[in-house]
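I have placed the structure first, in the form of structure tokens, so that the comments after it can refer back to it.
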Amino acid sequence: GAGVSQSPRYKVAKRGQDVALRCDPISGHVSLFWYQQALGQGPEFLTYFQNEAQLDKSGLPSDRFFAERPEGSVSTLKIQRTQQEDSAVYLCASSFFGTSYEQYFGPGTRLTVT
Amino acid sequence: RKEVEQDPGPFNVPEGATVAFNCTYSNSASQSFFWYRQDCRKEPKLLMSVYSSGNEDGRFTAQLNRASQYISLLIRDSKLSDSATYLCVVILYNNNDMRFGAGTRLTVKP
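Protein sequence lines, in the order shown, are assigned to chains A and B.
Residue numbers are given in the working numbering: position 66 of the first sequence equals residue 66, and the series is strictly consecutive.
So the mapping is simple: the working numbering equals the position in the second sequence, first residue as 1, plus 114.
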């Protein structure tokens with residue numbers, strides 16, 4: 001079956017631009033996670049959704065970062081007024097329910113802010 | 115101090131070698147532990163969960179030492195296809211965010 005998909009795969013933004021990154025989780029998966037992975041580092045947790053409810057956003061680095069999942073399936077991570085330090089791979093993962101079940105990761109969106 | 119620490123490597127080993135990776139975690143409330151594998155420019159994929167009693171999956175053995183807050187992964191009879199970065203992952207009790215280590219890079223050479 002289809003895995004987690006993300007789009008775009010690559011995004012180049014000029015500093016100060018807004019970007020929107022999309023995640024399509026595996027159908028039927030209740031939980032959705034966003035991570036930020038800098039070069040040479042492990043993924044860093046950003047936020048977690050259970051259906052449409054954003055239950056944890058403690059990892060979002062600033063109020064320029066905003067995530068939503070309005071219908072409990074597709075999710076969008078928005079970054080406003082991008083900065084160079086936002087350059088990273090943004091990974092989305094979904095699981096059947098919470099962290100008790102395996103998380104399946106999408107291929108990521110590589111964001112470069114120039 | 116990082117919550118999850120790993121030796122970044124790289125570990126360069128010949129085919130057939132046995133290699134071990136270690137990982138330490140700082141929060142004693144951590145309850146769930148995993149090893150993920152990440153190939154270059156690919157997404158992480160679950161390799162195995164780590165249970166208190168230790169567990170084995172083919173050539174891979176994972177162990178947990180709660181007293182020392184330490185997790186290990188042993189790979190026996192290394193294959194070229196084992197070349198990847200191995201990420202140690204920890205979850206706090208009743209928490210939904212997974213804390214990843216920075217990863218240990220393994221290269222298996224012919």
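Using N, Cα and C, we set each Cβ at its ideal position, and we do this for glycine too.
Because the structure is a prediction, the values reported are computed rather than measured.
Given that Ala216 (chain B) touches chain A, what residues does it touch there, using C-beta distances under 9 angstroms?
Gly40, Gln41 and Gly42
Contact check, Ser75 (chain A) vs Phe49 (chain A) under 8 angstroms by CB: the rounded distance?
6 angstroms
Pick out whichever of A:Ser31, A:Arg110, A:Thr82 and A:Glu44 has its Cα sitting closest to the Cα of Glu71 (chain A).
Among A:Ser31, A:Arg110, A:Thr82 and A:Glu44, the Cα nearest to that of Glu71 (chain A) is on A:Ser31.
For Leu194 (chain B), count neighbouring C-beta atoms within 10 Å of its own C-beta (all shown protein chains included) and say buried if the count is 16 or more, exposed if not.
exposed
Cut-off 6 angstroms between Cβ atoms - residues of its own chain near Gln177 (chain B), not counting five sequence neighbours on either side:
Gly168 and Ser186
Could you check which residue in B:Pro224, B:Arg219 and B:Val203 has the C-alpha nearest to that of Ser146 (chain B)?
Selected option, being the one with the closest Cα: B:Val203.
Under 7 angstroms Cβ-Cβ, which residues of chain A neighbour Ser140 (chain B)?
Those do not exist, as Ser140 (chain B) stays about 15 angstroms from chain A at its closest Cβ, beyond 7 angstroms.
Can you find a CB in chain B that lies within less than 7 angstroms of the CB of Asp56 (chain A)?
yes
Would Ile185 (chain B) count as contacting chain A if we go by Cβ distances under 7 angstroms?
For Ile185 (chain B), not one C-beta of chain A is nearer than 7 angstroms to its own C-beta.
Per-residue DSSP class, three states only, for Glu68 (chain A)
strand
Residue(s) in a DSSP beta bridge with Glu170 (chain B)
B:Thr175
Output yes if chain A places a C-beta closer than 7 angstroms to the C-beta of Asn136 (chain B); else output no.
no
Counting C-beta neighbours from all protein chains within 10 Å, is the total for Cys154 (chain B) 16 or more, i.e. buried, or is it exposed?
exposed
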